[in-house]
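Participant:
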Amino acid sequence: MTIEGELLGRIGSIPDPCSLATGVPVSIQEMGLIQGLEYAQGQVTVRMQITSPMCMMAAYFMREIEQRLASHADVQSVQVVFDTALNWKPEDIAPEARQRLLERRIQTIGGRMLPRPAAG
Numbered sequence: 001m002t003i004e005g006e007l008l009g010r011i012g013s014i015p016d017p018c019s020l021a022t023g024v025p026v027s028i029q030e031m032g033l034i035q036g037l038e039y040a041q042g043q044v045t046v047r048m049q050i051t052s053p054m055c056m057m058a059a060y061f062m063r064e065i066e067q068r069l070a071s072h073a074d075v076q077s078v079q080v081v082f083d084t085a086l087n088w089k090p091e092d093i094a095p096e097a098r099q100r101l102l103e104r105r106i107q108t109i110g111g112r113m114l115p116r117p118a119a120g
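Each residue of the sequence shown is one higher than the one before, starting from 1 at the first, in full-length UniProt numbering.
Below is the structure:
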């Protein structure tokens, strides 16, 4: 595995806080928020996108990424760069995660939980 792959593995599981609020945890990698990771001589640059200009989680993402990568022996500095073009779209969500979110959405209508079908 390349060092880039190893570092991506460290940050890929960071949960998206908004998905936690829905009860369907989805990682920032599954959400399609990580656009790329570059490593050169101890310097790591992570390129990310956010889902909307109203997203308040940029500081959280930066802190989590910096903490997870700074503990790696080969990392001297971490920079997180956000794409300001706001090109993220729901299709960027990994298909499996999209399906989990859809199933949750189907169960929740008008803010009320629908009863689950009885097993059996």
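Ideal placement from N, C-alpha and C gives every residue a C-beta, glycine not left out.
All values reported here derive from a predicted model rather than from experimental measurement.
With Leu101 as the anchor, note down where its alpha helix (DSSP H) starts and where it stops.
Facilitator: 95–107
Participant: Is the beta carbon of Ile65 sitting closer than 8 angstroms to the one on Ile3?
Facilitator: Remark: C-beta atoms of Ile65 and Ile3 do not approach each other more closely than 8 angstroms.
Participant: Consult DSSP for Met31 and reduce its assignment to one of helix, strand or coil.
Facilitator: coil
Participant: Assuming Leu86 contacts Val78 under a Cβ cut-off of 8 angstroms, what Cβ separation, rounded to an integer in Å, is found between them?
Facilitator: Not quite, the Cβ-Cβ distance comes to about 23 angstroms (not below 8 angstroms), so this is no contact.
Participant: Indicate the three-state DSSP secondary structure (helix, strand or coil) for Leu7 in the structure shown.
Facilitator: In this structure, Leu7 counts as helix in the three-state DSSP scheme.
Participant: May I have a chain-ordered list of the alpha helix (DSSP H) segments no shorter than 4 residues that lie completely inside the UniProt domain "MIP18 family-like" (25–80)?
Facilitator: 58–70
Participant: Taking its Cβ as the centre, do 16 or more other Cβ atoms sit within 10 Å of Asp16, making it buried, or is it exposed?
Facilitator: buried
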